[in-house]
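Colleague:
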Amino acid sequence: MSTTHEILLKSVTLPDGSTSDLLIRDGKIAEISSTLPTAGEVIECVGLRVLPGFVDLHTHLREPGKENAETVLTGSQAAVRGGYTALSAMANTNPVADTAGVVEQVWRLGIEAGLCEVFPIGAVSEGLEGVKLAEIGAMANSAAKVRIFSDDGKCVSDALLMRRALEYVKSFDGVIAQHAQEPRLTENAQMNEGPVASELGLAGWPAVAEESIIARDILLAHSVGSRLHICHLSTKGSVEIVRWAKSQGMAVTAEVTPHHLILTDEAARSYDPIYKVNPPLRTQADVDALRAGLADGTIDIVATDHAPHPGEDKDCEWASAALGMVGLETAFSIVYTTMVESGLMSWQRLIEVMSVKPAEIGGYANQGQEISIGSIANLTIVDPKAERVIDRNDLFSKGKNTPFHGSHLRGDVVHTIFRGKVVLRDQEMTGVVHE
Amino acid sequence: MKHLLSIHDLSVEQALDILDTAAQLEGLTSGAVKKLPTLRGRTVVNLFFEDSTRTRLSFESAAKRLSADVTNFTAKGSSVSKGESLKDTAQTLQAMGADAIVIRHPASGAANRLAESGWVSSAIINAGDGTHEHPTQALLDAFTIRKHFGPTMRDFSSLKVAIVGDILHSRVARSNIALLQMLGAKVTVIAPPTLIPLGIEEWGAPFSYDFDSELEEFDVVMMLRVQLERMNESFFPNGREYSRGYGLDESRLARLKPGAIVMHPGPMNRGLEISAASADSIRSVVVEQVANGVLVRMAVLYQLLGGPDLNSTGGTQ
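Those sequence lines, one after another, are chains Y and D.
For the first sequence, numbering that gives the first Met the number 0 begins at 0 and goes up steadily by one.
For the second sequence, numbering that gives the first Met the number 0 begins at 0 and goes up steadily by one.
1. At a CB-CB cut-off below 9 Å, which residues of chain D make contact with G203/Y?
2. Count the other C-beta atoms from every protein chain shown that fall within 10 angstroms of the C-beta of D128/D, then say buried if there are 16 or more, exposed otherwise.
3. Quick check: the Cα distance between T429/Y and G113/Y, rounded to an integer number of angstroms?
4. Output the boundary residues of the beta strand (DSSP E) element that contains P383/Y.
5. Runs of 4 residues minimum, wholly inside the segment 82-118 of chain D: which ones carry the alpha helix (DSSP H) assignment?
6. Report the residues of the segment 180-212 of chain Y with a CB closer than 7 Å to any CB of chain D, ordered along the chain.
7. Quick test of the definition: if touching needs 3 or more C-beta pairs under 8 Å, does the segment 287-300 of chain D touch the segment 18-25 of chain D?
8. Go ahead and label K356/Y buried or exposed: buried means 16 or more other beta carbons lie within 10 angstroms of its beta carbon, across all protein chains shown.
9. Go ahead and pull the three-state DSSP assignment for S250/D.
10. Would you identify the three-state DSSP class for D128/D, choosing helix, strand or coil?
11. Cβ of R103/D less than 8 Å from any chain Y Cβ?
12. Please name the residue in K397/Y, G361/Y, G203/Y and H433/Y whose C-alpha comes closest to that of F53/Y.
13. Please decide whether S233/Y counts as near chain D, where near means a Cβ-Cβ distance under 8 Å.
14. If T135/D sits next to S169/D, beta carbons under 8 Å apart, how far is it from one beta carbon to the other, in whole angstroms?
15. Are the segment 164-180 of chain Y and the segment 60-77 of chain D in contact at 8 Å, needing three or more beta carbon pairs?
16. Take every Cβ of the segment 147-167 of chain D, pair it with every Cβ of the segment 186-195 of chain Y, and state whether three or more of those distances are shorter than 8 Å.
17. Does the beta carbon of A318/Y sit closer than 8 Å to a beta carbon anywhere in chain D?
18. Given a cut-off of 8 Å on the beta-carbon distance, is the pair N365/Y and N377/Y in contact?
19. Taking only beta-carbon positions, decide if T130/D is within less than 8 Å of chain Y.
20. Output yes if chain Y places a C-beta closer than 8 Å to the C-beta of N111/D; else output no.
21. With a threshold of 8 Å between beta carbons, is R170/D in contact with chain Y?
22. Going along chain D in order, which residues have a C-beta closer than 8 Å to the C-beta of D314/Y?
23. How far does the beta strand (DSSP E) with D68/D in it reach, from first residue to last?
24. Under 8 Å between C-beta atoms, does E201/D make it to chain Y?
25. I want to see whether chain D comes within less than 8 Å of Y274/Y, judged by CB atoms only; does it?
26. Residues of the segment 269-302 of chain Y with a CB closer than 9 Å to any CB of chain D: list them in chain order, please.
27. With DSSP as the reference, please indicate the residues paired to A137/Y in a beta bridge.
28. Can a CB atom of chain Y be found closer than 8 Å to the CB of R251/D?
29. What residue ranges within the segment 47-108 of chain Y form continuous beta strand (DSSP E) runs of no fewer than 3 residues, ordered along the chain?
30. What does a CB cutoff of less than 6 Å around G292/Y pick up in its chain, not counting 5 residues either side in sequence?
31. Beta strand (DSSP E) containing M262/D: first to last residue?
32. From A177/D to K235/Y, what does the alpha carbon distance come to, in whole angstroms?
33. What does a CB cutoff of less than 6 Å around L201/Y pick up in its chain, not counting 5 residues either side in sequence?
34. Leaving out five residues on either side along the sequence, give the residues of the same chain with a beta carbon under 8 Å from the beta carbon of E25/D.
35. Could you tell me the alpha carbon to alpha carbon distance between F403/Y and D390/Y, rounded to whole angstroms?
36. Note down, one range per segment and in chain order, each beta strand (DSSP E) of at least 3 residues found wholly within the segment 207-295 of chain D.
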């Protein structure tokens, strides 16, 4: 960089709660002091908090293959609006990200979009078919340097294949992110199995279909000395199993989605498939257990499972509708409202679950850094007092399938800084693109 | 009442009102002239995404006896098989002037979607949605029970009703349990454990795995059809074992108390959930159910499409 680029955050609240000025120079945090002389681009931050940029380990970007639902660019925009400076693109594209070629394509598209870091996730099995290992080593050694592998959308249900995958990624300290869903127990499943499903006549997705796979995989990973990450934990029983595993010192990490922290299966009573998602929305007892698990460290991170769909895929009867909901642009508001404002967890814990820990699991060295001099300036600046009414038409994502349209939430992202440049200012894209 | 989607949408008064209207319509159409002019000029569309000749014919007869124009739209051979969505199909029908859409669909909640998504403004009648509800079947069953135990009965609390069979997948069971309990009847659900829905405790009806223990106490025994596709899904070992445990055979028929009636929504699997002798016995009201179906569906159409006061237009008798 030839010219010095400076950004001054005036009177910003730091993670420890103190207020200070913060100067960013050439992509890094250069100075933090109670008053700094005006320099470069000044952003008034009275009442706003600066946090390390959020890191999502579970995003569906749909490109290649379903660019009408989302592209790497529009997904990156949605990420930035949500305060994310890094996201992980799931492998269930078309073609599937099961070769070095596809992961490098996604990786390059992320660089071209230039709004945040885009880390491709590689498939565990060829074509997500759960039969034969994908070219995991080639993806790991590609320009994209893939470290997380997942058949997400599908479970690696074959115990032997799962064991081999867990073992295989050890050579480069990779991790398998399992979508825990026993396939036979969930054939044709439409929503959480329970009284609501029974009344609505929608085929049930039992909690045990998730819990049995989690229990099996924790034991498998432990037996071969590998690292396991569990995607979108959704039940009380799953929280209890993970809590037990951690008490035994087993190397397991787990994520929860924002929507599983706030919505329950009662929402399905409308038969509006905006609430159709996999794993399904569970009961209030599950929501309470997930919140407690996130607060006490049983659950390590929040991941969005951002799943954009074109309107027609939800504008139909429940059984025909696509699974999933968008989440990048509402994640912070939900986590803040349900967990921090409610008093269940601290700001420090929010930073851990939204940024530090996901960066650590993914091995994303430039992300989740402490807010201190010398750190790379991947930052998000939030307004905890904002009263937000979600409007699906305001979303940057191509997917308008948010279940929170019309919901009132507290807290919102205001600015996002990626590698020392403002990519979101006052909730608008600045047009800045990194190379 | 704008739509009829679920029994849960009805109050006791509304339900009884439909039954009373059906009885009134029976009086008005039992003579030589079976047709009333009340819905002349109105259009009823039967939108059937599942094969069900008997339900479609029943709705068709009901609409025609009220002088409505009837259009039948079945998924087979239609644009639906070419990938047209439920939304487009419904909007097409509305554009053709459908005042009421009678929908049968394999997806639970399809009728709710049609009524509540804002796609169309027609009155929607649920003629069976997936494994959710079949409200007109429950209403015709209640009407049939009333005819046998008291044609003007407003309180069913003297009656014990057994509903036997595949509760898990039965929309007929869901609607009947809701309606009969609402009217005060004591409903017992009987099925093997694999066919009892999870959380049935919240429905308020006791359930049993044993068909024989209280057999003598029931006034009404309602047998449900066993869907043949369930046979290969390990809900029970085979048809023979199912029949032994949950079929209404001659020996069980003989134990029913005097005056008890046997019901079945049809079509019956003779020899599986009901023996031929039980189906054809004097206790069986299966054929009456079919006749009553037309009357109850007339009453529903009449109420939803806001026909004039029956006493002023009905007739000539």
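Ideal Cβ placement from N, Cα and C applies to all residues, glycine included.
Computed from a predicted structure; not experimentally measured.
Modeller: This is what the structure gives:
1. The residue you call residue 203/Y lines up with position 204 of the first sequence. Contact annotation for G203/Y against chain D: P196 and L197 [CB-CB distance below 9 Å, chain order].
2. Taking the first residue of the second sequence as position 1, residue 128/D is located at position 129. When all chains shown are included, D128/D counts as buried.
3. One-based indexing of the first sequence puts residue 429/Y at position 430. One-based indexing of the first sequence puts residue 113/Y at position 114. Rounded to whole angstroms, the gap between the alpha carbons of T429/Y and G113/Y is 12 Å.
4. One-based indexing of the first sequence puts residue 383/Y at position 384. It spans L378 to V388 - the beta strand (DSSP E) in which P383/Y sits, taken as one unbroken run.
5. Counting only runs of 4 or more, we get 85-94 and 109-115.
6. Flagged, chain order: E192, G193, P194, S197, L199, G200, L201 and G203.
7. For the pair of segments examined, the segment 287-300 of chain D was found to touch the segment 18-25 of chain D: the number of CB pairs separated by less than 8 Å reaches three.
8. Residue numbering aside, residue 356/Y sits at position 357 when the first sequence is read from its first letter. By the C-beta density criterion, K356/Y is buried, having at least 16 other C-beta atoms within 10 angstroms.
9. Here residue 250/D refers to the residue found at position 251 when the second sequence is read from its first residue. It is helical.
10. Translated into the one-based positions of the second sequence, residue 128/D becomes position 129. Secondary structure of D128/D (DSSP, three-state): strand.
11. Walking along the second sequence from the start, residue 103/D turns up at place 104. Nearest CB-CB separation between R103/D and chain Y: not below the 8 Å threshold.
12. Position 54 of the first sequence, counted from the first residue, corresponds to residue 53/Y. Nearest C-alpha to F53/Y: G361/Y.
13. Reading the first sequence from its first residue, position 234 is the one you call residue 233/Y. Using beta-carbon distances, S233/Y does not count as an interface residue toward chain D, since no partner is under 8 Å.
14. Taking the second sequence and counting its residues from 1, the one referred to as residue 135/D is at position 136. Taking the second sequence and counting its residues from 1, the one referred to as residue 169/D is at position 170. Separation of the CB atoms of T135/D and S169/D is rounded to 15 Å, and the pair is thereby denied contact status at 8 Å.
15. Short answer: they don't touch.
16. Judged by pairs of C-beta atoms under 8 Å, the segment 147-167 of chain D does not touch the segment 186-195 of chain Y, as fewer than three such pairs exist.
17. The residue you call residue 318/Y lines up with position 319 of the first sequence. Yes, contact with chain D.
18. Working through the first sequence from its first residue, we reach residue 365/Y at position 366. Working through the first sequence from its first residue, we reach residue 377/Y at position 378. It is a contact, given that the beta carbons lie within the stated cut-off.
19. As a first step, residue 130/D must be located in the second sequence, where it is residue number 131. T130/D has a beta carbon lying within less than 8 Å of a beta carbon in chain Y.
20. As a working mapping, residue 111/D is identified with position 112 in the second sequence. Using a CB distance cut-off of 8 Å, N111/D counts as an interface residue toward chain Y.
21. Sequence index remark: in the second sequence, residue 170/D carries index 171 (1-based). Taking Cβ atoms only, chain Y reaches closer than 8 Å to R170/D, which makes this a yes.
22. Stepping through the first sequence from its first residue, residue 314/Y is reached at position 315. The answer, in chain order, is S84, K86 and S116.
23. For the purposes of this step, residue 68/D is taken as the residue at position 69 of the second sequence. Taken as a continuous stretch (DSSP letters only), the beta strand (DSSP E) holding D68/D covers D68 to T73.
24. The residue labelled residue 201/D in the question sits at position 202 within the second sequence. Chain Y has a Cβ within less than 8 Å of the Cβ of E201/D.
25. Here residue 274/Y corresponds to residue number 275 of the first sequence, with the count starting at 1. At a cut-off of 8 Å between beta-carbon atoms, Y274/Y makes no contact with chain D.
26. When C-beta distances to chain D are compared with 9 Å, the residues of the segment 269-302 of chain Y below that value are S269, Y270, D271 and P272, in chain order.
27. Numbered from 1 along the first sequence, position 138 holds the residue referred to as residue 137/Y. Note: A137/Y sits in no beta bridge, so no partner.
28. Mapped onto the second sequence, residue 251/D falls at position 252. No, because no Cβ of chain Y sits closer than 8 Å to the Cβ of R251/D.
29. Taking 3 residues as the shortest admissible run, the segment 47-108 of chain Y contains the following complete beta strand (DSSP E) segments, listed from N- to C-terminal end: 48-51, 53-58 and 83-88.
30. The count along the first sequence starts at 1 and reaches residue 292/Y at position 293. The residues are V238 and I298.
31. What you label residue 262/D is simply residue 263 of the second sequence in a count that begins at 1. Its beta strand (DSSP E) spans residues I260 to M262.
32. Translated into the one-based positions of the second sequence, residue 177/D becomes position 178. Translated into the one-based positions of the first sequence, residue 235/Y becomes position 236. Taking the straight line from one Cα to the other gives about 31 Å.
33. Within the first sequence, numbered from 1, the residue matching residue 201/Y stands at position 202. Around L201/Y: Q189 and M190.
34. Position 26 of the second sequence holds residue 25/D. These residues qualify, in order along the chain: L294.
35. The residue given as residue 403/Y occupies position 404 in the first sequence. The residue given as residue 390/Y occupies position 391 in the first sequence. When only Cα atoms are considered, F403/Y and D390/Y end up about 8 Å apart.
36. Complete beta strand (DSSP E) runs here, min 3: 219-222 and 260-262.
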